[in-house]
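**Student:** This is the structure, below, for whatever I ask next.
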Amino acid sequence: MEHQTKNTISARYIAWKVLTELEQGNFRHHADEKLEKMCQKQNLSAVDRSLAFEIISGCLRNKTLLEFYLSGYSSQPVSKLEQELRWILIISFYQLLFLDKIPDHAIVNEAVNLCKQENKIGWSKFVNGILRSALRDNVKEKTLRKTSSTTTYSHPSWLIKKWKDDFGEEKAIEILKWNNKIPNQHAVILRNFEKTIDEIVPSAAELSDEFGQNILKIKDFKNLFKSNCFRNGDLYLMTPWSISITQQLPLQSGLKILDMCTAPGGKAILTSCMEDVEIKALDNSSRRIEKLKENLIRCRIKNVCPVVGDGRDSSKIFGKEKFDAVLIDAPCSSLGVIQRHPEIRWRVTNESFVSIQILQKQLLDAAIEVTKPGGHILYSVCTFSDEETEEVINSFLAENKNMTCLKKELNLPGEKNMCGGFFALMEKRG
Ligand SMILES: C[S@@+](CC[C@H](N)C(=O)[O-])C[C@H]1O[C@@H](n2cnc3c(N)ncnc32)[C@H](O)[C@@H]1O
0 MEHQTKNTIS
10 ARYIAWKVLT
20 ELEQGNFRHH
30 ADEKLEKMCQ
40 KQNLSAVDRS
50 LAFEIISGCL
60 RNKTLLEFYL
70 SGYSSQPVSK
80 LEQELRWILI
90 ISFYQLLFLD
100 KIPDHAIVNE
110 AVNLCKQENK
120 IGWSKFVNGI
130 LRSALRDNVK
140 EKTLRKTSST
150 TTYSHPSWLI
160 KKWKDDFGEE
170 KAIEILKWNN
180 KIPNQHAVIL
190 RNFEKTIDEI
200 VPSAAELSDE
210 FGQNILKIKD
220 FKNLFKSNCF
230 RNGDLYLMTP
240 WSISITQQLP
250 LQSGLKILDM
260 CTAPGGKAIL
270 TSCMEDVEIK
280 ALDNSSRRIE
290 KLKENLIRCR
300 IKNVCPVVGD
310 GRDSSKIFGK
320 EKFDAVLIDA
330 PCSSLGVIQR
340 HPEIRWRVTN
350 ESFVSIQILQ
360 KQLLDAAIEV
370 TKPGGHILYS
380 VCTFSDEETE
390 EVINSFLAEN
400 KNMTCLKKEL
410 NLPGEKNMCG
420 GFFALMEKRG
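Residue numbers (numbering that gives the first Met the number 0): 0 to 429.
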């Protein structure tokens, strides 16, 4: 069997493992990070890796739709199928319906072999029967009868209802469509502008004025990762929305800044290159602080000092030290970046907002204690739910009359061709 031999682990086997483990962990982990870890353990070629990524993202983006197709051929309700068996079938339907490059017989054989490898002979017969009857039925040519938006756009129904209630039917559908598009990837040039462009345009990236001259659209990651400018840290992968948030901080040379939720460090690194400032970069995850340290070394950044600790303990951690500006890029539901991380839609629940909002408010309360009079707090989240944006800021401002909101902005996913998010820039009066 293909996936049993060490050097020829199959992309579909890896995709199946990643998807099953993601669901077992309630989609808490990012699919791309899980795939990366799995690929490090296995000897997967670059081509197979990108096929695995395509299958994983495609299945997450179209999960409900694929289960709907599957339900037309399964004798058992899809929700009652064992999790691992269900993912074998979802992966197979994804390949049948969305990918042209894999022949039908290979899709069926691989699925059956996967079952056999797991010693599930009953599964292999069941899978074989379902896939062969779907092929006999010419499933690829079937036009769907009218389905609900939950099925068509594969998002949980509570979330669709929330967006329809909050933003109206038309806007909600726009968000759902945007979320299911393949995302563009961007990088910001930190230094050596001309040299960087000469080296990687057009082989790895293209110039576009859409978001500013120093932001490139990535075309080829393989070429990008082997370029000198990437290895020397002259550029950093970042979304245009994150870049625009970073640019909101009022900077001048010599300022002391606290980045309270820093890792993996995009905003701290960009800030440190924009002005000669001194940044304390705090995060409560030591694993993510290690990632920040790697990024600082690659980008040759000297004015960012990583610290492991809880932002809520900032005044304890930094003692008498006060800051001219505090950036809180807060943990959030991340609903604004579903396009880049399709698993997020399956992770967040209606209850998630309560505990997240409490944490966001506590981080703001801690920030005010360490901000100098006349200093600024920039609060940002990569989500657009009212609970994590307006509600948090309004209650903070109501409780802290010495804070003034200078500017705030909500971007719904797809607006300005960017992901969804929110920021509020506030000033502490002297
Ligand atoms: C949205 S990410 C930050 C992204 C980062 N600012 C960047 O630009 O790369 C949120 C971060 O907050 C951290 N975090 C969560 N709870 C925290 C807390 N109580 N104190 C400090 N950091 C926390 C997470 O570990 C995560 O790295």
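Where a beta carbon is used, it is the ideal one built from N, C-alpha and C, also for glycine. Model, not experiment: these values are computed from the prediction.
Of the choices Lys-161, Glu-274, Val-200 and Gly-211, whose alpha-carbon is the least far from that of Glu-386?
**Tutor:** Lys-161
**Student:** For Pro-341, which of helix, strand or coil comes out of DSSP?
**Tutor:** The answer is coil: DSSP assigns Pro-341 none of H, G, I, E or B.
**Student:** At the level of alpha carbons, what is the spacing between Trp-177 and Pro-412?
**Tutor:** Looking at the two C-alpha atoms, the distance is approximately 7 Å.
**Student:** Taking the C-alpha atoms as reference points, what is the distance between His-2 and Lys-218?
**Tutor:** Model confidence at His-2 stands at a pLDDT of 42, short of 50, so the residue's coordinates are unreliable and nothing is read from them.
**Student:** How is the beta strand (DSSP E) around Asp-165 delimited, first residue to last?
**Tutor:** Unbroken run through Asp-165 is the alpha helix (DSSP H), 156–166; no beta strand (DSSP E).
**Student:** Quick check: what's the CA-CA separation for Lys-407 versus Gly-420?
**Tutor:** Rounded to whole angstroms, the separation of the alpha carbons of Gly-420 and Lys-407 is 11 Å.
**Student:** Please state whether the Cβ-Cβ distance between Leu-65 and Leu-189 is less than 9 Å.
**Tutor:** The answer is no: Cβ separation not under 9 Å.
**Student:** Thinking Gly-318 and Cys-381 are a contact (beta carbons under 8 Å), I'd like their distance in whole angstroms, please.
**Tutor:** Contact flag wrong, Cβ pair sits at about 31 Å.
**Student:** When burial is assigned at 16 or more other CB atoms within 10 Å of the CB, is Ile-233 buried or exposed?
**Tutor:** The amino acid at residue 233 is misidentified as Ile; the sequence shows Asp. Its Cβ being crowded by 16 or more others within 10 Å, Asp-233 is buried.
**Student:** Assuming Leu-134 and Asp-103 are in contact, meaning their beta carbons sit under 8 Å apart, how far apart are those beta carbons, in whole angstroms?
**Tutor:** 6 Å
**Student:** Report the partner residues of Val-187 according to the DSSP bridge assignment.
**Tutor:** Ile-214 and Tyr-235
**Student:** So does Asn-283 have its beta carbon nearer than 8 Å to some heavy atom of ligand 1?
**Tutor:** yes
**Student:** Is the closest heavy atom of ligand 1 to the C-beta of Cys-418 under 8 Å?
**Tutor:** no
**Student:** Indicate whether Ala-481 and Leu-43 have their beta-carbon atoms separated by less than 9 Å.
**Tutor:** Here the chain comprises residues numbered 0 to 429, so residue 481 is not present and cannot be evaluated.
**Student:** Since Leu-295 contacts Gly-264 with CB under 8 Å, what's their CB separation in whole angstroms?
**Tutor:** 7 Å
**Student:** Contact check, Thr-150 vs Phe-67 under 8 Å by CB: the rounded distance?
**Tutor:** With a contact defined as Cβ atoms closer than 8 Å, Thr-150 and Phe-67 qualify at about 5 Å.
**Student:** Would you call the region 307–322 and the region 266–286 touching, i.e. three or more CB-CB distances under 8 Å?
**Tutor:** yes
**Student:** Taking its Cβ as the centre, do 16 or more other Cβ atoms sit within 10 Å of Lys-400, making it buried, or is it exposed?
**Tutor:** exposed
**Student:** Within the continuous beta strand (DSSP E) that includes Leu-257, where are the two ends?
**Tutor:** 255–258
**Student:** For ligand 1, I want to know if Pro-372 counts as a neighbour, meaning its beta carbon is within less than 8 Å of at least one of the ligand's heavy atoms.
**Tutor:** no
**Student:** Please tell me whether Trp-240 and Lys-62 are closer than 9 Å, where the distance is taken between their beta carbons.
**Tutor:** At the C-beta level, Trp-240 and Lys-62 stay beyond 9 Å of one another.
**Student:** Please state whether the Cβ-Cβ distance between Leu-88 and Leu-21 is less than 9 Å.
**Tutor:** no
**Student:** Give the single residue among Ile-106, Gln-356, Glu-289 and Ala-365 whose Cα lies nearest to the Cα of Lys-321.
**Tutor:** With distances taken between Cα atoms, Lys-321 lies closest to Ala-365.
**Student:** Buried or exposed, going by whether 16 or more other CB atoms sit within 10 Å of the CB of Ile-13?
**Tutor:** buried
**Student:** Give every residue of the same chain whose Cβ lies closer than 7 Å to the Cβ of Lys-292, excluding the five residues on either side of it in the sequence, and list them in chain order.
**Tutor:** Pro-305
**Student:** Which residue from Phe-352, Ile-256, Arg-60 and Val-325 puts its Cα closest to that of Leu-175?
**Tutor:** Per the Cα distances, Arg-60.
**Student:** Between the alpha carbons of Lys-5 and Arg-48, how many angstroms are there, rounded?
**Tutor:** Bear in mind that a pLDDT of 39 at Lys-5, under 50, signals an unreliable position, so the number given afterwards is only what the model happens to contain. Each residue's Cα considered, the two are about 15 Å apart.
**Student:** Distance, Cα to Cα, Val-391 vs Glu-81?
**Tutor:** About 41 Å.
**Student:** Examine ligand 1 and report whether any of its heavy atoms sits within less than 8 Å of the Cβ of Thr-403.
**Tutor:** no
**Student:** Ligand 1 and Met-259: does the residue's C-beta get closer than 8 Å to at least one heavy atom of that ligand?
**Tutor:** In this structure, the C-beta of Met-259 approaches ligand 1 to less than 8 Å from one of its heavy atoms.
**Student:** What's the call for Ile-8, buried or exposed, on a 16-neighbour Cβ count within 10 Å?
**Tutor:** buried
**Student:** If Lys-216 and Asn-183 are in contact, beta carbons under 8 Å, what's the gap, nearest whole angstrom?
**Tutor:** 6 Å
**Student:** From Val-17, Leu-257, Gly-429 and Glu-209, pick the residue whose C-alpha is nearest to that of Pro-432; which is it?
**Tutor:** This structure cannot settle anything about residue 432, because the visible part of the chain is limited to 0 through 429.
**Student:** Who are the Cβ neighbours of Val-187 in its own chain at under 7 Å, not counting the five residues just before and after it?
**Tutor:** Residues of the same chain with a CB within less than 7 Å of the CB of Val-187, apart from the 5 flanking positions on each side, are Asn-213, Ile-214, Leu-234, Tyr-235, Met-237, Ile-242 and Leu-269 in chain order.
**Student:** For Val-353, does the three-state DSSP call read helix, strand or coil?
**Tutor:** helix
**Student:** By alpha-carbon positions, which one of Thr-195, Ala-10 and Lys-40 ends up nearest to Ala-105?
**Tutor:** Ala-10
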